[in-house]
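J.: The structure follows.
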Amino acid sequence: MDRLQTVAEVLAQSMVLAEYEDSIAATFDRVEPLADEMKTRGTTTWAAGKLRRDMGDTLLSLYRMVGRVEVGEKPEILWDHPDLEPLFVRLEREFEIRERKLALERKLELISRTVETQLELLQAKHSLRVEWYIVILIVVEILLTLYELFVRGG
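Residue numbers (our numbering): 57 to 210.
Take a look at the structure:
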């Protein structure tokens, strides 16, 4: 029964990885045009809300994979039955659990970095716009002051 539970643990990790591989691939496909648009145009037309949702999706996937499912961690049964560790290690190798987890983590990091970069660019763009508004208001204030000095004072 313990051997069967060890096999089930590895199969469960493999299934979870398969689920996240599909999910991350879909997110990757959505974010790739963003990087392409940044390359060709130097900017993007994506809204900040959409970028934040993609960032949230990425973080949630990472949280679930690492926090809840504990992919890549030894199952608790190995603490009680250390003699099953060779079986676990062999199955983990056969199903490429560690390699798949690392590949997913790299993809998540890339998605996260891409979305963060775009959000930073959007924030910089908005900050620049606000700075221009301030400059325009200062110029208008100066013009009004000069108008008052020359028209009313003269």
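For every residue, glycine included, the Cβ atom is placed at its ideal position computed from N, Cα and C.
1. Can you give the Cα-Cα distance for residue 80 and residue 174, rounded to whole angstroms?
2. Would you list, in sequence order, the uninterrupted alpha helix (DSSP H) runs of no fewer than 4 residues that lie entirely inside the segment 87-166?
3. Within this structure, are the beta carbons of residue 72 and residue 114 separated by less than 8 Å?
4. Check whether the segment 142-150 touches the segment 62-69, taking contact to mean three or more Cβ pairs, one atom from each stretch, closer than 8 Å.
5. Suppose you measure from the CA of residue 147 to the CA of residue 120; what does that come to, to the nearest Å?
6. Output the distance between the C-alpha atoms of residue 200 and residue 85, rounded to the nearest integer angstrom.
7. So, helix, strand or coil for residue 57, using DSSP?
T.: Straight from the coordinates:
1. 19 Å
2. 104-119, 133-136, 141-150
3. no
4. yes
5. 22 Å
6. 53 Å
7. coil
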